[in-house]
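Participant: Note that the sequence shown covers residues 21 to 246 in our numbering. Backbone N, C-alpha and C define an ideal beta-carbon position, used for all residues, glycine too. For clarity, every value in this text was computed on a predicted model and none was experimentally measured. Below is a structure I'd like to ask you about.
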Amino acid sequence: MSADDSVTTKFLSNLEIKPDSVHELSADDRALQTAVVNCKSVSPLHSFKISTINLPIKEAYLKYLEPEDIEELYKLFLVNRDYLSRNIPISSVNTLEDVAKRFGNDLTNPNRVQIGIYYNNKIVGRCRLTYYPDKNNICDFGYWIGEIYQGLGLITATVKVLMQFVTKQLPQVKRFEIHCGDNNVKSRSVPERLGFKTGGVSNDPQDTIELNGVWIRSIIYSYIRE
21 MSADDSVTTK FLSNLEIKPD SVHELSADDR ALQTAVVNCK SVSPLHSFKI STINLPIKEA
81 YLKYLEPEDI EELYKLFLVN RDYLSRNIPI SSVNTLEDVA KRFGNDLTNP NRVQIGIYYN
141 NKIVGRCRLT YYPDKNNICD FGYWIGEIYQ GLGLITATVK VLMQFVTKQL PQVKRFEIHC
201 GDNNVKSRSV PERLGFKTGG VSNDPQDTIE LNGVWIRSII YSYIRE
């Protein structure tokens, strides 16, 4: 097991710790906490905290995801695994440990935040926002939502609200991007609905994914602020 694996899987044991229990942090726990604090202190994305942002949909809001949210996110993922596998390569995500590892990697990335999409006080989806200061201050979005919550406008509202939020908090961001599989009609409808322009097929090998033996290319959508 690598050092990164050890650190990120520590989320699992922490999930079961009661607030009033006595718990001495291990070296890995302390390393993870230090990494998170350091990231939040040096990154523009982590210089503000997204506590709760209401969406223009009744009973819908966004909240910054914390380690204690992993278990609820994993349960949502399990219910929607077959649905999500049609458009997202998730074959390597099988256990709570896998989700914790991915979440941990994102949490310690100084230029990435994970946002929970909530509806009727339940987490129903996730939006990941990544900032690229070395790529002309671009921000991009990645998202997914539970199948039964499709058609409510939650993803479109989420991206729109986060664009407004980032614009105020990070005025240096002039360009937003969304990369969608060319076969994912529902995902592509989000940037199209918000006025993003398509820039064609991505040439980045990392933007090409394999789903059930078929290679899927990514379409780049971009929105440039005036």
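Can the beta-carbon of ILE198 be found less than 8 Å from the beta-carbon of VAL186?
Facilitator: no
Participant: Roughly how many angstroms lie between the CA atoms of ARG213 and THR128, to the nearest whole one?
Facilitator: 32 Å
Participant: Please list, in chain order, all residues of the same chain as TYR138 whose beta carbon is under 8 Å from its beta carbon, the five residues on each side excluded.
Facilitator: ALA80, TYR81, LEU82, LYS83, VAL144
Participant: Return the CA-CA distance between SER242 and THR218, expressed in angstroms with no decimal places.
Facilitator: Cα to Cα, SER242 sits roughly 6 Å from THR218.
Participant: How far does the beta strand (DSSP E) with PHE196 in it reach, from first residue to last?
Facilitator: 195–201
Participant: What residue range is occupied by the uninterrupted beta strand (DSSP E) comprising ILE158?
Facilitator: 158–165
Participant: Residues in its own chain within less than 6 Å of TYR163 by CB, not counting five upstream and five downstream?
Facilitator: CYS147, ILE175
Participant: To which residues does DSSP link LEU82 through a beta bridge?
Facilitator: ILE73, ILE137
Participant: Where does ASP160 land, buried or exposed, given buried means 16+ other C-beta within 10 angstroms?
Facilitator: Counting other Cβ atoms within 10 Å of its Cβ, ASP160 reaches 16 or more and is therefore classed as buried.
Participant: How would you call THR115, buried or exposed, if buried means at least 16 neighbouring beta carbons within 10 angstroms?
Facilitator: By the Cβ neighbour-count rule, THR115 is exposed, with fewer than 16 other Cβ atoms within 10 Å of its own.
Participant: Whole angstroms is fine: what's the gap from ASP102's alpha carbon to PRO109's?
Facilitator: The straight-line gap from Cα to Cα measures roughly 11 Å.
Participant: Within its chain, find whatever has a CB closer than 6 Å to the CB of THR72; leave out the 5 residues flanking it on each side and keep chain order.
Facilitator: Listed in chain order, the non-local C-beta contacts of THR72 below 6 Å within the same chain comprise TYR81, LYS83, local neighbours out to five positions each way being set aside.
Participant: Starting from TYR151, follow the beta strand (DSSP E) in both directions and report where the run begins and ends.
Facilitator: 142–152
Participant: Any idea if ASN100 is buried or exposed, counting beta-carbon neighbours within 10 angstroms, 16 or more meaning buried?
Facilitator: buried
Participant: Could you check whether SER222 and ARG237 sit closer than 8 Å to each other, using their CB atoms as the reference points?
Facilitator: Yes, these two residues count as a Cβ contact at 8 Å.
Participant: Would you decide whether LYS142 is buried or exposed? Buried here means 16 or more other CB atoms lie within 10 Å of its CB.
Facilitator: exposed
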